[in-house]
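Residue numbers (my numbering): 847 to 1142.
For glycine and all other residues, C-beta sits at the position ideal for the given N, C-alpha and C.
Working notes, beginning with the structure itself.
The following block contains the structure:
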């Protein structure tokens, strides 16, 4: 386990280097237009994400998961079959965590960071939210209580994320049977699509079987080219704006809510949810109708 942990510690710097090489080769050969500011924003977000991710992961591991693991009487042994079991469970939990990040606006405030790029390349894979790991706790704590090793869970989650690095490319087409069962460039392009038919599809990490079981699978269609980014494009290259624009917008909506219940609904319902009275007023009041809507 120690060797795997050491490997995962250095892997982020390897994938960043590969993304940088891809960017330089693409620009040098002019194979595809690249928005250089977009790519630099992705690298800047990654640079801040690394120490924050390490700090938050370490803090959560030491202050929450490890004490729970020491307290619970249930202990699963660490061997090859529990490692595979933990990886499978981590992939399933990633599916539900990922899906809820699209269906609950509070979670969407940080997950939208990854979807906000209008380009799709290896640097997009580095465009990860600075506070995203906080959403993992509600999934990890019950598993640790059931006896799963917290270190093995963290390693499994890291492997699920690492697998998804290579699928952030446009150059690899559809892969036949592979697309049906595993996450692939084609499947992940669909997930990043802002087209109506592609919204909230293909949430799986490694396996696509979860999407097929729970009804969220969508194949890429030649008749519907993928348009990347948010339904309302984010026109900013500022890493702080990219990370927190949805959070500020949620706070604004909750502050302007007519009741505590309505404020809570803004946080727990879908990113596009608005109260009925606001929809009625927007139809009658041009100024309200022109108000900026949610990035989705």
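Alpha carbon of residue i to alpha carbon of residue j, nearest angstrom
i: residue 1003; j: residue 937; result: 7 Å
i: residue 1069; j: residue 1020; result: 14 Å
i: residue 821; j: residue 899; result: As shown, the chain starts at 847 and ends at 1142. That puts residue 821 outside it, with no answer to give.
i: residue 964; j: residue 987; result: 35 Å
i: residue 1073; j: residue 970; result: 14 Å
i: residue 1049; j: residue 871; result: 30 Å
i: residue 972; j: residue 1079; result: 19 Å
i: residue 1029; j: residue 1104; result: 43 Å
i: residue 1091; j: residue 1081; result: 11 Å
i: residue 1024; j: residue 928; result: 26 Å
i: residue 889; j: residue 901; result: 19 Å
i: residue 984; j: residue 893; result: 27 Å
i: residue 1061; j: residue 913; result: 37 Å
i: residue 1015; j: residue 1064; result: 18 Å
i: residue 873; j: residue 968; result: 14 Å
i: residue 1044; j: residue 1058; result: 15 Å
i: residue 1115; j: residue 946; result: 10 Å
i: residue 868; j: residue 1101; result: 44 Å
i: residue 1096; j: residue 879; result: 34 Å
i: residue 1112; j: residue 982; result: 21 Å
i: residue 906; j: residue 931; result: 22 Å
i: residue 1075; j: residue 885; result: 14 Å
i: residue 1056; j: residue 935; result: 11 Å
i: residue 1022; j: residue 1010; result: 18 Å
Buried/exposed call for residue i, threshold 16 Cβ in 10 Å
i: residue 1139; result: The predicted model places residue 1139 with a pLDDT of 44, which falls under 50 and marks its position as unreliable; any figure quoted below should be read in that light. Counting Cβ neighbours within 10 Å, residue 1139 comes out exposed, since fewer than 16 surround it.
i: residue 815; result: The requested residue 815 does not occur in the structure, where the chain is confined to residues 847 to 1142.
i: residue 916; result: exposed
i: residue 923; result: exposed
i: residue 897; result: exposed
i: residue 998; result: buried
i: residue 860; result: exposed
i: residue 1000; result: buried
i: residue 978; result: buried
i: residue 863; result: exposed
i: residue 944; result: buried
i: residue 909; result: exposed
i: residue 954; result: buried
i: residue 1110; result: exposed
i: residue 1141; result: Any reading at residue 1141 needs caution, since the residue's pLDDT is 46, under 50, leaving its predicted position unreliable; the model's value is listed next. It is buried - the Cβ of residue 1141 has at least 16 other Cβ atoms within 10 Å.
i: residue 858; result: buried
i: residue 1027; result: exposed
i: residue 926; result: exposed
i: residue 1130; result: Legend: pLDDT at residue 1130 = 46, less than 50; position of this residue unreliable, no value from coordinates given.
i: residue 966; result: buried
i: residue 1119; result: exposed
Start-to-end residues for the alpha helix (DSSP H) that takes in residue i
i: residue 912; result: 912 to 917
i: residue 988; result: 983 to 991
i: residue 1144; result: The question about residue 1144 has no answer here: the residues shown for the chain are numbered 847 through 1142.
i: residue 1038; result: Careful: residue 1038 lies outside any alpha helix (DSSP H) and carries neither H nor E.
i: residue 1020; result: Per DSSP, residue 1020 belongs to no alpha helix (DSSP H) and is neither H nor E.
i: residue 951; result: 951 to 961
i: residue 1079; result: Run containing residue 1079: none; DSSP gives neither H nor E here.
i: residue 1098; result: 1085 to 1101
i: residue 974; result: Counting along the chain, residue 974 falls outside any alpha helix (DSSP H), and DSSP gives it neither H nor E.
i: residue 1066; result: Residue 1066 -> no alpha helix (DSSP H), and no H or E assigned at all.
i: residue 1030; result: Element bounds for residue 1030: n/a, residue is neither H nor E.
i: residue 1008; result: 996 to 1009
i: residue 1110; result: 1106 to 1114
Integer-rounded CB distance, given that residue j should sit under 8 Å from residue i
i: residue 1107; j: residue 941; result: About 30 Å; that fails the 8 Å criterion.
i: residue 882; j: residue 1117; result: Their Cβ separation, rounded to whole angstroms, is 29 Å, which puts residue 882 and residue 1117 out of contact at 8 Å.
i: residue 996; j: residue 933; result: That pair is no contact at about 14 Å.
Within 7 Å, strictly: CB atoms of residue i and residue j
i: residue 1046; j: residue 948; result: yes
i: residue 1039; j: residue 920; result: no
i: residue 1066; j: residue 1036; result: yes
i: residue 1083; j: residue 887; result: yes
i: residue 1122; j: residue 962; result: no
i: residue 991; j: residue 918; result: yes
i: residue 1054; j: residue 1033; result: yes
i: residue 895; j: residue 976; result: yes
i: residue 891; j: residue 1085; result: yes
i: residue 960; j: residue 974; result: yes
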